[in-house]
Amino acid sequence: MPLDVLKQVQDEFLDFNGTGMSIVEISHRSTAYQDMHDDTIYMLRKLLQIPEQYDIIFMQGGGSLQFVMHAANFLHHSGGYINTGVWSDKAMKAASFYGKVYEVASSKEDHFTYIPKPESFHVEEGTDYVYMTSNNTIHGTEWHHFPSFDVPLFCDMSSDFLSRPVDVTNFDFIYAGIQKNVGPAGAVIGIIKDSLLQKARTKLPLMLQYKTYVEHDSTYNTPPVFNIYFVNKVCHWLDDHGGLAAMEDTNKKKAAIVYGAIDESNGFYSGHAQRDSRSRMNVTFNLPTEELEKQFITEAAGQHIIGIKGHRSLGGCRASIYNAVTSEGCQKLADFMKAFHQKH
Ligand code: PMP
Numbered sequence: 033m034p035l036d037v038l039k040q041v042q043d044e045f046l047d048f049n050g051t052g053m054s055i056v057e058i059s060h061r062s063t064a065y066q067d068m069h070d071d072t073i074y075m076l077r078k079l080l081q082i083p084e085q086y087d088i089i090f091m092q093g094g095g096s097l098q099f100v101m102h103a104a105n106f107l108h109h110s111g112g113y114i115n116t117g118v119w120s121d122k123a124m125k126a127a128s129f130y131g132k133v134y135e136v137a138s139s140k141e142d143h144f145t146y147i148p149k150p151e152s153f154h155v156e157e158g159t160d161y162v163y164m165t166s167n168n169t170i171h172g173t174e175w176h177h178f179p180s181f182d183v184p185l186f187c188d189m190s191s192d193f194l195s196r197p198v199d200v201t202n203f204d205f206i207y208a209g210i211q212k213n214v215g216p217a218g219a220v221i222g223i224i225k226d227s228l229l230q231k232a233r234t235k236l237p238l239m240l241q242y243k244t245y246v247e248h249d250s251t252y253n254t255p256p257v258f259n260i261y262f263v264n265k266v267c268h269w270l271d272d273h274g275g276l277a278a279m280e281d282t283n284k285k286k287a288a289i290v291y292g293a294i295d296e297s298n299g300f301y302s303g304h305a306q307r308d309s310r311s312r313m314n315v316t317f318n319l320p321t322e323e324l325e326k327q328f329i330t331e332a333a334g335q336h337i338i339g340i341k342g343h344r345s346l347g348g349c350r351a352s353i354y355n356a357v358t359s360e361g362c363q364k365l366a367d368f369m370k371a372f373h374q375k376h
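Per this note's numbering, residue 33 is the first one in the sequence shown, and the count goes up by one each step.
Structural data, given as structure tokens:
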């Protein structure tokens, strides 16, 4: 999270907007809350230029509940999945509870090192939607150009949401768990097209229907108040810093610094992702041996470079350089990588 935002949250924690109460104490039916809720939606619409025919909703249950919910609502016959890693694989498996699922394309045979090319897509007759993951948090790959289809397109943007501008109209449904770039774990933002909502299954418990969230402005039950407040703060921070185009520019430069250290190492560091599929959020790489990787992670921690152990399912190293990580932070990591290489 951006340090400025953390400080602001700290400053306001005991008195939200002159109410004399903390944001975690006020009623979600109060005007003070509703004004902030409305402003958050306004800010998301502004940053992503979300047209009126899309609704913005807040949910709970993490990305993992969305793996179930998108299918519960929209899988009537079959759902096509672009399988680019652990999260799309999980979504496909969870969705199979509601109907047929199949792979439109996959990079599994090459350990998810790349984003499949449109030439390899295969969409079957009668497909309700195609589902994709914009950034593959574990494998460190990211879509740089979004595909389009004749059927509705769904996208899990959990790990690169608000890291760059996105043409929302290319999609029918976008969701993002907020815990990477936008706030603390506990809320999911959904952006859903009205025309898609008409196709939703209605024989479902109300809490599993997107319609419930849309019709009740995400306050059918108590919304995750603190998380939404945090989203509000981060949206204003982004807006004050030039919006998503500026954020993308910074993120590109940051990623280039870290990938540069990999590319200049003569193979000492080997990137997991193929070059044209590299993520600007998660840089995944290996060292020549597991022993060296362990040493690298330990020595990095000694320099306050924290959390660079790869995901347990993949091993190796992973530098997560989300919006709030600074260029200086990336440079510090790159310098450390160069020094570690020279030493070994
Ligand atoms: N999608 C993506 C892209 C993720 O990175 C994650 C987890 N980091 C998930 C879904 C699952 O989210 P959650 O842990 O909130 O269920």
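From the three backbone atoms N, C-alpha and C, an ideal C-beta is built for every residue, glycine too.
Run the proximity test for residue i: is its beta-carbon closer than 7 Å to any non-hydrogen atom belonging to the ligand PMP?
| i | result |
| --- | --- |
| G292 | no |
| D121 | no |
| N167 | yes |
| D142 | no |
| G342 | no |
| L95 | Checking the sequence, you will find Gly at residue 95 rather than Leu. Yes; taking the cut-off as 7 Å, the Cβ of G95 has a heavy atom of the ligand PMP nearer than that. |
| G339 | no |
| G209 | yes |
| S359 | no |
| S311 | no |
| S190 | yes |
Out of the options, point me to the one whose CA is closest to residue i's CA.
| i | options | result |
| --- | --- | --- |
| K212 | V263, H176, Q306 and V246 | V263 |
| T173 | A137, G93, I338 and D308 | D308 |
| A104 | M239, H336, G342 and Y291 | M239 |
| T254 | Q230, G334, A219 and S152 | A219 |
| P256 | F90, L270, G209 and D70 | F90 |
| E247 | E360, E325, Y65 and D87 | D87 |
| V315 | I170, G209 and T234 | I170 |
| G361 | I329, V100, T321 and A287 | A287 |
| F193 | A277, V214, H176 and S180 | V214 |
| G209 | D67, K78, M189 and T72 | M189 |
| T201 | K78, P83 and L79 | P83 |
| D36 | C267, V183 and E280 | C267 |
| P216 | Q92, H60, F372 and F300 | Q92 |
| G50 | K39, T63 and L38 | T63 |
| I294 | A232, Q374, F129 and D67 | Q374 |
| T358 | A127, G303 and V290 | V290 |
| D199 | G274, F178 and S59 | F178 |
| L76 | F368, I223, S311 and E135 | I223 |
| H108 | L79, Q66, H154 and L236 | L236 |
| F45 | K265, E156, A333 and I114 | K265 |
DSSP puts residue i in a beta bridge; with which residues?
| i | result |
| --- | --- |
| M239 | Bridge partners of M239: none, in fact. |
| R344 | The partner list for R344 (beta bridge, DSSP) is empty, contrary to what the question assumes. |
| S352 | N314 |
| M164 | C187 |
| N115 | S138 |
| I206 | C187 and I223 |
| E174 | N167 |
| S110 | K132 and T159 |
| S195 | Beta-bridge pairing links S195 to no other residue. |
| G303 | F317 |
What residue does the alpha helix (DSSP H) around residue i start on, and which one ends it?
| i | result |
| --- | --- |
| M369 | S359 to K375 |
| D295 | G275 to D295 |
| I223 | No alpha helix (DSSP H) holds I223; the beta strand (DSSP E) holding it covers V220 to K225. |
| F90 | Element bounds for F90: not the alpha helix (DSSP H) but the beta strand (DSSP E), Y86 to M91. |
| G95 | G94 to F106 |
| A332 | E322 to G334 |
| K265 | V257 to D272 |
| D36 | L35 to E44 |
| A64 | T63 to L80 |
Please report the residue range of the beta strand (DSSP E) in which residue i lies.
| i | result |
| --- | --- |
| E135 | K132 to S138 |
| N202 | N202 -> no beta strand (DSSP E), and no H or E assigned at all. |
Please report the Cβ distance between residue i and residue j, rounded to the nearest whole angstrom; I am assuming they are in contact, meaning their Cβ atoms lie under 8 Å.
| i | j | result |
| --- | --- | --- |
| T165 | T116 | 6 Å |
| A137 | S152 | 5 Å |
| S110 | V133 | 7 Å |
| M33 | A356 | 5 Å |
| V162 | G112 | 5 Å |
| F372 | E331 | 6 Å |
| M279 | S191 | Actually they do not touch by this definition, with Cβ atoms about 14 Å apart. |
| Q85 | D226 | 5 Å |
| H304 | G348 | 7 Å |
| I58 | Y65 | 6 Å |
Any heavy atom of the ligand NAP closer than 7 Å to the CB of residue i?
| i | result |
| --- | --- |
| N298 | As far as ligands go, the structure on display features the ligand PMP and does not contain the ligand NAP. |
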